[in-house]
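Every position in the sequence shown, counted from 1, becomes a number in our numbering once 40 is added.
A quick write-up on the structure given underneath.
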Amino acid sequence: MSNIDQPDQAKRPDVRQSPKTLRLTFRVAGGAVQLISHERLQMICPPSIGEAPQIPRHGGFWMELRDENNHVIFHRLIHSPLAGSVEVHSPDGRIRREFGDVKESIFEVLLPDKPDAASVALMGESLDVTRAGALQAGSTELARFDIPRGERGGSQ
Numbered sequence: 041m042s043n044i045d046q047p048d049q050a051k052r053p054d055v056r057q058s059p060k061t062l063r064l065t066f067r068v069a070g071g072a073v074q075l076i077s078h079e080r081l082q083m084i085c086p087p088s089i090g091e092a093p094q095i096p097r098h099g100g101f102w103m104e105l106r107d108e109n110n111h112v113i114f115h116r117l118i119h120s121p122l123a124g125s126v127e128v129h130s131p132d133g134r135i136r137r138e139f140g141d142v143k144e145s146i147f148e149v150l151l152p153d154k155p156d157a158a159s160v161a162l163m164g165e166s167l168d169v170t171r172a173g174a175l176q177a178g179s180t181e182l183a184r185f186d187i188p189r190g191e192r193g194g195s196q
């Protein structure tokens, strides 16, 4: 195909989806967040839903994939890393919700494995369990990590 057939091809943004997904596993304990493992998967990353939240305007929790200039190139809304309830599935098929104090949790996030990604940031409300339920002024950056190298790995 010649440039005559596609004269503005070089000017168009790359809208193709990454054929790889980065699965990041985090541990939250004592108000601190650790990236404990990563894995590169041969799959198209599920899309992000809705407009990107903004700090300090929005509450809740989300992950931001950022480039080397700190621009958000992808976001993923997530549930609270220290949610105070879980579903318990009984052998008889019943499902009930159990409530309690959560001081530690592990969660995973799927993000596109983009070559221009430099870091990932956890955005959200306080992870301090003593402030749970308190009115929040909005979300802030809670933790930031460099994009890990290699196909898979453990604690950074």
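Cβ atoms here follow ideal geometry from the backbone N, Cα and C, with glycine treated the same way.
Predicted, not measured: the structure shown is a model, and the values here were computed from it.
Nearest-angstrom Cα separation, counted from residue j out to residue i
i, j, result
"residue 184", "residue 68", "13 Å"
"residue 76", "residue 64", "8 Å"
"residue 129", "residue 113", "37 Å"
"residue 116", "residue 103", "5 Å"
"residue 94", "residue 160", "15 Å"
"residue 49", "residue 81", "Only weak support is given to the placement of residue 49: the predicted model assigns it a pLDDT of 38, under 50, and the value that follows is read from those uncertain coordinates. Going from the Cα of residue 49 to the Cα of residue 81 covers about 29 Å."
"residue 156", "residue 137", "41 Å"
"residue 97", "residue 109", "22 Å"
"residue 71", "residue 165", "11 Å"
"residue 193", "residue 74", "13 Å"
"residue 92", "residue 134", "36 Å"
"residue 126", "residue 66", "18 Å"
"residue 189", "residue 88", "23 Å"
"residue 152", "residue 139", "33 Å"
"residue 78", "residue 132", "36 Å"
"residue 175", "residue 99", "With a pLDDT of only 45 at residue 175, under 50, the local geometry of the prediction cannot be trusted, and the value read off the model is given with reservation. Roughly 10 Å between the two C-alpha positions."
"residue 162", "residue 118", "10 Å"
"residue 187", "residue 148", "15 Å"
"residue 59", "residue 181", "28 Å"
"residue 172", "residue 146", "No answer about residue 172 holds up, because its pLDDT of 47 lies below 50 and its placement is not dependable."
"residue 106", "residue 158", "6 Å"
Residue range of the unbroken beta strand (DSSP E) whose run includes residue i
i, result
"residue 184", "180-186"
"residue 67", "61-69"
"residue 151", "144-152"
"residue 192", "192-194"
One or two residues paired with residue i in a DSSP bridge
i, result
"residue 164", "180"
"residue 75", "66"
"residue 129", "135"
"residue 115", "104"
"residue 80", "62"
"residue 157", "107"
Inset, instruction - Just list the alpha helix (DSSP H) runs in the region 82-112, keeping only unbroken ones of 4 residues or longer that don't cross its boundaries, in chain order. - result: none
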